[in-house]
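Novice:
Protein chains in written order, with the numbering used here: chain A, 380 to 809; chain B, 380 to 809.
1) By the criterion of Cβ-Cβ separation under 7 Å, what are the contact partners of residue 716(A) in chain B?
2) What residues from chain A crowd round residue 407(B), counting only those whose CB sits closer than 8 Å?
3) Grouping DSSP H, G and I as helix and E and B as strand, with all else coil, what is residue 393(B)?
4) Going by C-alpha distance, which of 651(B), 515(B), 708(B), 441(B) is nearest residue 500(B)?
5) Less than 8 Å between the beta carbons of residue 677(A) and residue 516(B), yes or no?
6) Assign residue 604(A) to one of three DSSP states: helix, strand, or coil.
7) Taking only beta-carbon positions, decide if residue 680(B) is within less than 8 Å of chain A.
8) So with CB distances below 8 Å, who are the chain A contacts of residue 673(B)?
9) What ranges does the alpha helix (DSSP H) occupy inside the region 462 to 491 of chain B, keeping only unbroken runs of at least 4 residues that lie completely in it?
10) Going by other Cβ atoms of all chains shown within 10 Å of its Cβ, with 16 needed for buried, is residue 526(A) buried or exposed?
11) Could you run through the region 627 to 640 of chain A and flag, in chain order, every residue whose CB is less than 8 Å away from some CB of chain B?
12) Between the alpha carbons of residue 408(B) and residue 518(B), how many angstroms are there, rounded?
13) Just verifying my parser: in three-state terms, what is the DSSP assignment at residue 508(B)?
14) Ends of the alpha helix (DSSP H) at residue 753(B)?
15) Near residue 593(A), which residues of its chain fall below 8 Å by C-beta distance, leaving aside the five closest residues on each side in sequence?
16) For residue 380(B) and residue 490(A), what's the separation of their Cα atoms in angstroms?
17) Thinking residue 603(B) and residue 721(B) are a contact (beta carbons under 8 Å), I'd like their distance in whole angstroms, please.
18) Alpha carbon to alpha carbon, how far is residue 459(A) from residue 488(A)? Give it in angstroms, no decimals.
19) Among 563(A), 755(A), 556(A), 438(A), which residue has its Cα nearest to the Cα of residue 426(A)?
20) How about residue 431(A): is its C-beta nearer than 8 Å to some C-beta of chain B?
21) DSSP state of residue 631(B), grouped into three classes?
22) Leaving aside the five residues before and after residue 579(B) along the sequence, list all residues of the same chain whose C-beta is less than 6 Å from its C-beta, in chain order.
23) Examine chain A for any beta-carbon lying closer than 8 Å to the beta-carbon of residue 459(B), and answer yes or no.
24) Does any residue of chain B bring its CB to less than 8 Å from the CB of residue 708(A)?
25) Tell me which residues share the same chain as residue 530(B) and place their Cβ nearer than 8 Å to its Cβ, disregarding the 5 neighbours each side in the sequence.
26) From residue 818(A) to residue 547(A), what distance separates their C-alpha atoms?
27) When DSSP builds the beta bridges, which residues end up paired with residue 736(B)?
28) Does the distance from the CB of residue 775(A) to the CB of residue 759(A) come in under 8 Å?
29) What are the start and end residues of the beta strand (DSSP E) that includes residue 646(A)?
30) Do residue 385(B) and residue 417(B) have their beta-carbon atoms positioned less than 8 Å apart in this structure?
31) Excluding sequence positions up to five away, which residues of its chain have a Cβ less than 7 Å from the Cβ of residue 792(A)?
32) Using only CA atoms, which one of 765(B), 605(B), 597(B) lies nearest to residue 585(B)?
33) With DSSP as the reference, label residue 446(A) as helix, strand or coil.
34) In the region 650 to 662 of chain B, which residues sit with their C-beta less than 7 Å from some C-beta in chain A, listed in chain order?
35) Quick one: Cα of residue 681(A) to Cα of residue 537(A), how far?
36) Mind checking which residues open and close the beta strand (DSSP E) that includes residue 678(A)?
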């Protein structure tokens, strides 16, 4: 039954993920062959620094000329784990033009140029798989593209960045402030020396773009995703969330509008109830909660990063793509047929939790309530506390358009009796 | 791009799941066509009672002759949602022989005759998909078969029966006894009039057999699965679990032995730590926790039953099978190449939590400890409490072979000073 010709794999990048992919391809060669129906062979490894020792990799396979490798013509599958936009983009399109299918873990590239890459795969009749690009080892792209292909997804709510979840979990469990928790994350290797991409939500925004596109069968680019980082979340915010029976998570939220005619995608910190399955996602774990019409509420949980987990996702794709090649078939391509527009953040319907520092005198609450009413935002609860002439008001709103909510906050800032807006946090997952 | 010829689907069974499949095929016809690349058409619906009104289904499609329907020869996909062994088994093999692929939700049949059905699909070059057979809407078969195809699964730990999870969750949250919680489950429609298949673990055992086979690429039949129901779990057991920082769940557990040379599959109630992700699975939800070599710990969560969720899984399979037919390709078939033997329960390595009613006199603990030592079972903790000449001992063991643990319990029963074994519960998920 086993084909004589092995399938040839070119590996672009041999860092944390790439070296793990190469290792598993070697140590689990027999298992992979059994699952694919033919052996797979590492045919070349493109690296930047050829002199670095790479344990278990035949030095004769190592090259610095990635372009020549993807142009060889005998490569069945190119595995791209370089990351970033260039040279990854050009290498992937060149690979398609020379007959290879592609497995990629590149979220930034997929979020920015997914449509063009899918088109290149389509034109050349090849596969483009990228399970590893979102939430590491967690099967998510395949369940959304395939398992839920007969259902209608209305909402995706995800913790898709492990660094920020580790920081927020530490803040929640120890009462630490942001900087202290970030320092611990850095010390433990959960945060990079420059944590900007994580803590400012850029990484999560790229994943949100990919998830929204797949979930709603439409095109969502990175620029379409509203983004707020979590560097301004304070220990006081976390304590406030606790008092409401909530915790704070950095969420990627993709929603279909109530009228079904548009979608939104956004990343920001939000309060979610402790009873929500996402609330119990600890440390650097990721989890994605999916709401669909027929299936109801699903959640996918696991490690969102790391060499071995990401390699697991890459290899799952590699097996699928190799099987498709043997069958001269293709997996599902891009599905963007719904062509739904992406609405701006102002159109999102959500709730706010707002803490105000106010003057401790009669009539303040009435003034504040009037501002909400003027903006058409209905108040759910208000909590007042005060001492020594200082007072604070915590207002939780009902659901309203984000534009109305931010308009309300702007107007509150202009009230003489409001000394400051201590925090604003959206409330999700209810 | 759209093929003119629609793909023809025969639906066997039109109960809670079947009618939902038919409804979605009609209401979401354009979406399904876009995802498949061709329209799908309901070509026939086989039912037992043709006179029952079936809203939204063309009466001319309804037949009582399921055999004639699957033999028609123009059917692309047969969707079997009858359940049970016969006539489902014969209809499925007949469908393969007449050129159709099959989507089934039939856990009992797959657990008992999966190998024969896969062989029939293989011989005829057709697909057999059954995502809906395990844990309803939760994508599980596809992630295990495909997403983790490049990884090595070592353990699957699942809450795969919603009825028993509802009962145990009620007992845990309200302090109710088994019967009271069962009555509530029945009143709310979560338990059937005869709850035997659920509460005695038969339903979960079928799912464990299917999961073990797919996870370990070996053949596991229903008879290979050790099974204990949860009817004897008491409010006192739940309280005991709480004192240990645990809760009690009915678990389906599939494990690869430490030496990798055999596998086990079992269903029984067990204590799991409250910090384990499965502990927070409430009400009738299902969740499956997967441990693999590279990916690490993954969890899949969602509704495990119900018409619409099960239909979602069926339709996901239907889209995949239809796409395969258009491409003249096949999805992954059965993968049982590892041919690992299934070890009996005695070989399982686990921990016990044992409550003993003992005489309140000196030396009892020494006697009991001696029995454990004689059987090679190491004690982790002992808690003694007593009053009025009665006393109880709660012993938690370290990990040992299940055979040694049950041998220990037998010997304890024969001690004069042990008046009774109040409860025995395995401890998992640590």
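Even for Gly, the Cβ is constructed at its ideal location relative to N, Cα and C.
All figures in this text were calculated on a predicted structure; none of them were measured in a lab.
Specialist: Let me lay it out:
1) 413
2) 529, 531
3) coil
4) 708(B)
5) yes
6) coil
7) yes
8) 399, 403, 516, 687, 688, 690, 691, 694
9) 467 to 476
10) buried
11) none
12) 22 Å
13) strand
14) 743 to 753
15) 520, 523, 524, 714
16) Below a pLDDT of 50, predicted positions are generally treated as unreliable, and residue 380(B), at 46, falls in that range; no measurement from the model is reported.
17) 4 Å
18) 11 Å
19) 438(A)
20) no
21) strand
22) 608
23) no
24) yes
25) 671, 672, 673, 674
26) Within the shown structure, residues of chain A are numbered from 380 to 809, placing residue 818(A) beyond reach of any answer.
27) 771(B), 799(B)
28) yes
29) 642 to 652
30) yes
31) 800
32) 605(B)
33) helix
34) 656, 659
35) 12 Å
36) 675 to 682
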